[in-house]
Amino acid sequence: MSIFCDICNEELLCELQREIRMTMILYTVDGYAYYGELSRILDNRVAVLVPGIGQTDVIVRHPDQTFGPQGSTAIRENQSFVDLCTVVAKTSPLSAIPPMFGF
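Now the structure itself:
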């Protein structure tokens, strides 16, 4: 068994590869959540997210609000790179931004 199989979820990777160009939320093991459109997957290891439906930025929710700008719990990025070995869950494709991701 390769090290990739040991630390990454290959089934999740296959599912994500079928959902390129769809808007979703990716949840990571360290508590972060990323809302955006899955643009591509690099080397089967990194998900590239771009702004999702109705957004101008990728929205990242922090697990602890003290790390957000001005005490908020979310930041905005033009593009996000997410290590797929840290992804523990994802939503089904979304058609609008969930209310919990707003400022």
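Under my numbering, think of the first position of the sequence shown as -11, with each following residue one higher.
Every residue gets a Cβ at the ideal spot worked out from N, C-alpha and C, and that includes glycine.
Check: Pair every Cβ in the region 40 to 48 with every Cβ in the region -4 to 7, then say whether three or more of these pairs are closer than 8 Å.; Outcome: no
Check: Between residue 5 and residue 19, what straight-line distance do the alpha-carbon atoms span, to the nearest angstrom?; Outcome: 23 Å
Check: According to DSSP, is residue 65 helix, strand or coil?; Outcome: strand
Check: Which residue's Cα is closest to the Cα of residue 115: 83, 52, 30?; Outcome: With the chain represented from -11 up to 91, any question about residue 115 goes unanswered, as that position is not in the structure.
Check: Between residue 84 and residue 70, what straight-line distance do the alpha-carbon atoms span, to the nearest angstrom?; Outcome: 21 Å
Check: Which whole-angstrom value describes the C-beta separation of residue 74 and residue 17, a residue pair presumed to lie in contact below a C-beta threshold of 8 Å?; Outcome: 5 Å
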